[in-house]
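Okay, structure first, notes after.
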Amino acid sequence: MSRKGQNPAKFVDQVAKPERITVAVLNFIPFVSGFYSEMPDVLAACLGSIWEHTDLPYDLLVFDNGSCEEVVDFLVEARDQGKIQYLLLSEKNLGKGGAWNIMLAGAPGELIAYCDNDVYFYPGWLSNSVRILESFPNVGMVTSRPFRTDEELSSATVEWAQKAEGVSLDRGDFVPWEAFRDFEMSLGNSEEWARTRYESDVKDIRVTYQGNVAHIGASHWQFVTRKATLHGFLPFDMSRPMGQVRDLDRRMNHAGLLRLMTPQPYAQNMSNRTDLAPDLSRSAMKSRTSFKKKILNLRPIKAGLLKVHQAIFKAYYED
């Protein structure tokens, strides 16, 4: 029996081409309560900041790592509205390494701008990150804000800056206190702890090369890189969902690649709190404050429950 007619695709003489840059977001929200109670709004703020503040042509790729139905419905709707060009839905949580192996290998762009689902971007984030990526030699990754990272993870960058001709390296308090404090507190640290760290002997490291300024350091939670660079590190072998993500930082440093940051903060970590998002008025998913939530947010109750949650989280997921 012969087939019916010819495949219409045979008569299509051109196809869409992907943009040079793929913005890739990894998402995991298994349920909307407890630690994840505000995460739908955080995700909406993350994506909203990308849609509003990205200043170079890009395609958006979202990899959902086994989220609940409510979150998946939100992502599917955004895709259907043309706001997400590539949406990958995993039935189960593959861990960060497993998700990276799929999304970073499959991203079609020449450049990949990756972030976790709790990052908020400010105007100019992408162009300023790409400028550093393409202005410095042998760059592995660029993070879109400065913060004080473990210098051992960027030892190759420091060594290059100390030896290369025409490069200047300076140490000091180059990040304003307010920007430093906001980032440290987004990680769960107190303002007192942030002040102590800010005034310690650990300083920002600034490098200048051919008139271009960057800070030394970068991080796996948000970075811009070349896809060809990432291919040298795939696949990622992570046996646990979290706790081993700094492996990318270590491996890039070991390979001698530069790890840099923009000198101004163009990205903010929101963690799991919507109050760290600068503008939630455009959020497509609004959380509702129920009586139960008001009770749980009472300071002594919230502090006790969060302490128990943190102990459980550390027991299962931290090295």
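What the sequence shown shows, in my numbering, is residues 3 to 321, in sequence order. Backbone N, C-alpha and C fix where the C-beta goes; we use that ideal spot for every residue, glycine too. It should be emphasised that the depicted structure is a prediction, and the values quoted were computed from it without experimental measurement.
Contact with chain D by residue i, beta-carbon distance below 7 Å
i: M272; result: Absent here is chain D; the protein component of the structure consists of one chain.
Helix, strand or coil at residue i [DSSP, three-state]
i: T227; result: strand
i: S283; result: Any answer about S283 is weak, because its pLDDT of 37 lies below 50 and its placement is not dependable; what the coordinates show is given next. The answer is coil: DSSP assigns S283 none of H, G, I, E or B.
i: D152; result: coil
i: L250; result: helix
i: L307; result: helix
i: R147; result: coil
i: S39; result: coil
i: A18; result: coil
i: I86; result: coil
i: A60; result: According to the sequence provided, residue 60 is Tyr. The question's Ala does not apply to it. Three-state result, Y60: coil.
i: L113; result: strand
i: N255; result: helix
i: E167; result: coil
i: G99; result: helix
i: D277; result: helix
i: N140; result: coil
i: V44; result: helix
i: G234; result: coil
i: G50; result: helix
i: H55; result: helix
i: G190; result: coil
i: E201; result: coil
i: D239; result: coil
i: V34; result: coil
Contact under 7 Å by Cβ, residue i with residue j
i: F123; j: I52; result: yes
i: M143; j: R261; result: yes
i: N214; j: S137; result: yes
i: V209; j: A216; result: yes
i: T227; j: S131; result: no
i: L28; j: A101; result: yes
i: N119; j: C70; result: no
i: Q266; j: V121; result: no
i: N274; j: F37; result: yes
i: P237; j: N140; result: no
i: K205; j: R253; result: no
i: D184; j: H222; result: no
i: L155; j: N271; result: no
i: A181; j: I114; result: no
i: S129; j: D57; result: yes
Residue i Cβ short of 6 Å to the ligand GDP heavy atom set
i: K165; result: Questions concerning the ligand GDP fall outside what the structure shown contains, since it holds no ligand whatsoever.
Bridge-paired residues (DSSP) for residue i
i: D172; result: R208
i: M263; result: T145, H217
i: Y122; result: Q270
i: D66; result: N29, L91
i: I23; result: L113
Residues of its chain near residue i, where Cβ-Cβ distance is below 7 Å and the 5 sequence neighbours each way are ignored
i: L96; result: N67
i: F293; result: Unreliable placement is indicated for F293, whose pLDDT of 38 sits below 50; the coordinate value is still reported in the next sentence. For F293, where only same-chain residues beyond five positions count, there are no Cβ hits under 7 Å.
i: P20; result: D61, P110, G111
i: A313; result: none
i: A354; result: There is no way to answer for residue 354, as the model of the chain reaches only from 3 to 321.
i: T291; result: Only weak support exists for where T291 lies, its pLDDT of 38 falling under 50; the value from the coordinates is given anyway. Taken in chain order, the list of residues that qualify is empty.
i: D239; result: G99
i: H55; result: F123, Y124, P125, W127
i: K94; result: G68
Proximal residues to residue i (C-beta, below 6 Å), its chain only, five neighbours per side dropped
i: I134; result: V144, A216, L262
i: I31; result: Y38, M41, S69, V73
i: Y116; result: A26, F225
i: Y211; result: F138, V169
i: T159; result: I218, L260, R261
i: M105; result: A26, F65
i: G258; result: A158
8 Å Cβ shell around residue i - same chain, five flanking residues per side excluded
i: K85; result: L49, W53, L62
i: A269; result: C117, V121, Y122, F123, Y124, W127, T145, S146, R147, Q224
i: H233; result: A107
i: Q164; result: L171
If you pair each beta-carbon of the stretch 82–95 with each one of the stretch 56–70, do three or more pairs fall below 8 Å?
Yes: at least three Cβ pairs fall under 8 Å.
Check whether the stretch 73–85 touches the stretch 145–153, taking contact to mean three or more Cβ pairs, one atom from each stretch, closer than 8 Å.
Judged by Cβ distances under 8 Å, the stretch 73–85 makes no contact with the stretch 145–153, as fewer than three pairs qualify.
Touching or not, the stretch 95–113 and the stretch 174–192, by the rule of three or more beta carbon pairs under 8 Å?
The stretch 95–113 makes no contact with the stretch 174–192, as fewer than three CB pairs between them are under 8 Å.
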